[in-house]
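Trainee:
Number of protein chains: 2
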Amino acid sequence: MSKSNHPFCYEYARPAVSVDCVTFGLDEDGLKVLLIERKLEPFAGCWALPGGFVEMHESLETAAKRELEEETGLKVEYLEQLFTFGDVQRDPRDRVITVAYFALVKLTDHAVEAASDARQAVWFPVDETPDLAFDHDQILQVGFERLRNKIRYQPIGFDLLPKKFTLRQLQQLYEHLLRRPLDKRNFRKRILEMGILQELDEVEQGVAHRAARLYRFHERQYNQLVKQGFNFEI
Amino acid sequence: MSKSNHPFCYEYARPAVSVDCVTFGLDEDGLKVLLIERKLEPFAGCWALPGGFVEMHESLETAAKRELEEETGLKVEYLEQLFTFGDVQRDPRDRVITVAYFALVKLTDHAVEAASDARQAVWFPVDETPDLAFDHDQILQVGFERLRNKIRYQPIGFDLLPKKFTLRQLQQLYEHLLRRPLDKRNFRKRILEMGILQELDEVEQGVAHRAARLYRFHERQYNQLVKQGFNFEI
DNA sequence: CTTTCTTAGTGTAAATGTAACACTAAGTTT
DNA sequence: AAACTTAGTGTTACATTTACACTAAGAAAG
Numbered sequence: 000m001s002k003s004n005h006p007f008c009y010e011y012a013r014p015a016v017s018v019d020c021v022t023f024g025l026d027e028d029g030l031k032v033l034l035i036e037r038k039l040e041p042f043a044g045c046w047a048l049p050g051g052f053v054e055m056h057e058s059l060e061t062a063a064k065r066e067l068e069e070e071t072g073l074k075v076e077y078l079e080q081l082f083t084f085g086d087v088q089r090d091p092r093d094r095v096i097t098v099a100y101f102a103l104v105k106l107t108d109h110a111v112e113a114a115s116d117a118r119q120a121v122w123f124p125v126d127e128t129p130d131l132a133f134d135h136d137q138i139l140q141v142g143f144e145r146l147r148n149k150i151r152y153q154p155i156g157f158d159l160l161p162k163k164f165t166l167r168q169l170q171q172l173y174e175h176l177l178r179r180p181l182d183k184r185n186f187r188k189r190i191l192e193m194g195i196l197q198e199l200d201e202v203e204q205g206v207a208h209r210a211a212r213l214y215r216f217h218e219r220q221y222n223q224l225v226k227q228g229f230n231f232e233i
Numbered sequence: 000m001s002k003s004n005h006p007f008c009y010e011y012a013r014p015a016v017s018v019d020c021v022t023f024g025l026d027e028d029g030l031k032v033l034l035i036e037r038k039l040e041p042f043a044g045c046w047a048l049p050g051g052f053v054e055m056h057e058s059l060e061t062a063a064k065r066e067l068e069e070e071t072g073l074k075v076e077y078l079e080q081l082f083t084f085g086d087v088q089r090d091p092r093d094r095v096i097t098v099a100y101f102a103l104v105k106l107t108d109h110a111v112e113a114a115s116d117a118r119q120a121v122w123f124p125v126d127e128t129p130d131l132a133f134d135h136d137q138i139l140q141v142g143f144e145r146l147r148n149k150i151r152y153q154p155i156g157f158d159l160l161p162k163k164f165t166l167r168q169l170q171q172l173y174e175h176l177l178r179r180p181l182d183k184r185n186f187r188k189r190i191l192e193m194g195i196l197q198e199l200d201e202v203e204q205g206v207a208h209r210a211a212r213l214y215r216f217h218e219r220q221y222n223q224l225v226k227q228g229f230n231f232e233i
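Residue numbers (numbering that gives the first Met the number 0), protein chains in the order written: chain A, 0 to 233; chain B, 0 to 233.
(1) Starting from the C-beta of residue 174(A), find all residues in its chain whose C-beta is less than 8 Å away, skip the five residues before and the five after it, and write them out in chain order.
(2) Run through the DSSP bridge pairs and tell me what residue 124(B) is partnered with.
(3) Counting along the chain, where does the beta strand (DSSP E) carrying residue 202(B) start and finish?
(4) Say whether the stretch 67-74 of chain B touches the stretch 23-42 of chain B, bearing in mind that this needs 3 or more beta-carbon pairs closer than 8 Å, one atom from each stretch.
(5) If you follow the beta strand (DSSP E) that residue 155(B) is in, where does it begin and where does it stop?
(6) Which residues bound the beta strand (DSSP E) around residue 133(A)?
(7) Quick one: does residue 87(B) have its CB under 8 Å from some CB of chain A?
(8) Report the option in 167(B), 176(B), 46(B), 23(B) whose CA atom is closest to the CA atom of residue 202(B).
(9) Report the rounded CA-to-CA distance for residue 155(B) versus residue 208(A), giving the unit in angstroms.
(10) Contact criterion: CB-CB distance below 8 Å. Does residue 5(A) meet it with respect to chain B?
(11) Using only the alpha-carbon positions, how far apart do residue 26(B) and residue 169(B) sit?
(12) Report the three-state DSSP secondary structure of residue 215(B) (helix, strand or coil).
(13) Between the Cα of residue 81(A) and the Cα atoms of 143(A), 195(A), 212(A), 210(A), which residue gives the shortest distance?
(14) Which bits of chain B does residue 54(A) rub up against, with CB to CB less than 7 Å?
(15) Name the residue from 136(B), 103(B), 107(B), 204(B) whose alpha carbon lies nearest to the alpha carbon of residue 22(B).
(16) Does the distance from the C-beta atom of residue 161(A) to that of residue 94(A) stay below 8 Å?
(17) Compare the beta carbon distance of residue 52(B) and residue 11(A) with 8 Å and say whether it is the shorter of the two.
(18) Return no unless some Cβ of chain A is closer than 8 Å to the Cβ of residue 94(B).
(19) For residue 144(A), name the three-state secondary structure that DSSP assigns.
(20) Could you tell me the distance, in whole angstroms, from the CA atom of residue 150(B) to the CA atom of residue 24(B)?
(21) Name the two residues that bound the continuous beta strand (DSSP E) containing residue 232(A).
(22) Leaving aside the five residues before and after residue 79(B) along the sequence, list all residues of the same chain whose C-beta is less than 6 Å from its C-beta, in chain order.
(23) Name the DSSP beta bridge partners of residue 236(A), please?
(24) What first and last residue would you give for the beta strand (DSSP E) that runs through residue 186(B)?
(25) Which of helix, strand or coil does DSSP assign to residue 12(B)?
(26) Is the separation between the beta-carbon of residue 221(A) and that of residue 199(A) shorter than 8 Å?
(27) Identify which residue in 28(A), 77(A), 16(A) has its Cα closest to the Cα of residue 57(A).
(28) Residues of chain B with CB under 8 Å from residue 83(A), in chain order?
(29) What's the call for residue 183(B), buried or exposed, on a 16-neighbour Cβ count within 10 Å?
(30) Does the distance from the CB of residue 18(B) to the CB of residue 50(B) come in under 8 Å?
(31) Can you check whether the C-beta of residue 63(A) is within less than 8 Å of a C-beta belonging to chain B?
(32) For residue 42(B), tell me which candidate among 186(B), 91(B), 59(B), 159(B) has the shortest Cα-Cα distance.
(33) Using Cβ-Cβ distances below 7 Å, what residues of the stretch 15-43 of chain A are close to chain B?
(34) Does the beta-carbon of residue 228(A) have 16 or more other beta-carbons within 10 angstroms, so that it is buried, or is it exposed?
(35) Under a Cβ-count criterion, where at least 16 other Cβ atoms within 10 Å of its own Cβ denotes burial, should residue 59(A) be classed as buried or exposed?
(36) Quick check on the burial criterion: 16 or more other C-beta atoms within 10 angstroms. Buried or exposed for residue 134(A)?
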C-alpha cells in the first residue's frame, strides 16, 4: 500500500473496515435471524451476516444500513452498535476490522418481501443456523446475547411483534428470550401498569377459541417515561 | 490512495483505524481520568485521550494496551471495549474510525509513576476536564456513563480502590458514582452478604479517630459466583 | 343445540426483599 | 478527663414479588 500524499503522519498500511448486521425478526415459528449466501470468495457459497466495506463518505451506521438494504432489500430505521471485531486473522484475505450492528424488525408486518426480493437472503431460526463465514458465528452469538439482555430492561418486544398483538404473544416472546415461564397474571399486571400499551377495540381473528384483545405499543407514552428515567425491567 | 495489489475485491480508499483509552482512577480527591497533551497537529497542545493507530499485526485490544503504555507509561491487564466512533468528520486530516476502550486502575497502589514518567500524562478530576481534541469529549462522556452503569451490577469498586480498603471507602465510591447517599448499615449488610470480601486482621492507619477494619476483594470467590450467574446489583 | 375444548381474563394472600432508623464502641486530640 | 470523630451493629415497617385457581367467551364437534 502506498504512502498517502496528504499531510498526515500515519503512513502505514491500513486495515479495511467493514460493517455487519445481526438482524432479528419474529414469526409464528419463533425468532429468526437474517443471513445471506455469499457469492464471492472467500467463503463463497457459505452463509454469512449481511455486511460490507465502509465507504469514505459515510458514517458506520449509514454503511450498515446501506449494506443491509443492498444485500437483503431490508430497510431499517433503527440500528444499534453491537461490538467491533478486530482479530488479525478474522479474514483470510487481509486485515479487516468489522463493526457489528444489531437490528430488530417486525417480520410479520412487512419484511417478508426482504427474503423474496430475488436476493439470497433467508430468515433462519436462531437455533438452526448453519456454520457462518469468517467469525460471524461469534458475532451472531454476541448479538443474541445482547437481545436476551436487552429484553430485561427495555420493552423491545414491540420492535419484533406486529403493530397489533395480544398479551399472550408478548408474554411468549418474553418467555422465549428469558428462557423461563412467566406467570400470566403477574405478567399482565406488570406490563399494563407500565402504561405503554394501548388497548384496542379489536380482538385477534381466526382462532378456534375465545379471541384475545389486541394491544399496540404506545410510543409517545413510552418516550415520555424514558425521559423520566422510568425502569422497564420485567 | 493506490489500489492494493493482492487478490482482494476491496479497491477503494480505506479509513484509518485508531484506538483510544478512557482510563479511570480513584484517589483521595475523587475520580480521575487519564489524559495526555498532544504534541502534533492537529490539536497540538490540546488535551486528548491516549490512543493511536492500529497496526496490521495486532488486535484492537493489543493496540489499545500498547498505545496506553507508550503514551502514559501505564500498563493495564484488563481493558473493555467501549464503543466505535466513525463519524466522517471526526478527524480533520482524514477519515479515522476509532475504537474506544475503557480501563480501571488502582491509582493509589502504583499508578502514580504513570503521570511522573516524564510523559505529558495527567490524571484530571472527571468533572474538571479541559476541552479535548477531536470528539474525545464525547468519548469520555460515554466512558463515564459506562462506569456509572457498570457499578450497578458489577463489583468494579475493587478495580479502583487500593488492595486493602475500608467499607467506608467502598461506600463512598458507590455513593459518588450512583450520585445518592446510601444507608451505612444496609450497604454493609448487602456487600458482606455477597461473600466477595475478605476481612483482614488489620485496620487503617493514621486517622484521627477510631480506625476502621480493612478488607480485600476475594477474587476467587467472586469468579465462582460469576459462573453461577450471581447478581451483584447494589 | 348441547357438549366439549381451548384460551382469555381476573384478585388475593403469603413470603420475600427493601428501606428507614439510633445508639454504643473505639481511638485521637485537646 | 472531656470532647470529638468515625466504626460498628439489629429490628421493624413497608413495598414488592411470587404463587396460585376459577369463570368467561368463543369455536368446533357431535
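Glycine residues also receive a C-beta, built at the ideal position from the N, C-alpha and C atoms.
Mentor: Reading off the structure:
(1) 180, 181
(2) Beta-bridge pairing links residue 124(B) to 31(B).
(3) 196-202
(4) yes
(5) No beta strand (DSSP E) contains residue 155(B), which DSSP labels as neither H nor E.
(6) Looking at the DSSP string, residue 133(A) is not in any beta strand (DSSP E), and its letter there is neither H nor E.
(7) yes
(8) 167(B)
(9) 52 Å
(10) Because residue 5(A) carries a pLDDT of 43, less than 50, the predicted location of this residue cannot be relied on, and no value is offered for it.
(11) 12 Å
(12) Three-state DSSP puts residue 215(B) in a strand.
(13) 143(A)
(14) 11
(15) 103(B)
(16) no
(17) yes
(18) yes
(19) Helix, per DSSP.
(20) 14 Å
(21) From DSSP, residue 232(A) is part of no beta strand (DSSP E); its letter is neither H nor E.
(22) Sequence-distant partners of residue 79(B) (beyond 5 residues in either direction) whose C-beta falls short of 6 Å from its own C-beta, in its chain, are 101.
(23) Residue 236(A) lies beyond the stretch modelled for chain A, which goes from 0 to 233, so this question has no answer here.
(24) Annotation for residue 186(B): no beta strand (DSSP E) segment contains it, though the alpha helix (DSSP H) segment containing it runs 183-192.
(25) coil
(26) no
(27) Nearest C-alpha to residue 57(A): 16(A).
(28) 59, 80, 83, 98
(29) exposed
(30) At the C-beta level, residue 18(B) and residue 50(B) come within 8 Å of one another.
(31) No, no contact with chain B.
(32) Measuring from the Cα of residue 42(B), the nearest candidate turns out to be 91(B).
(33) 15, 16, 39
(34) exposed
(35) buried
(36) With 16 or more neighbouring CB atoms inside 10 Å of its own CB, residue 134(A) falls in the buried class.
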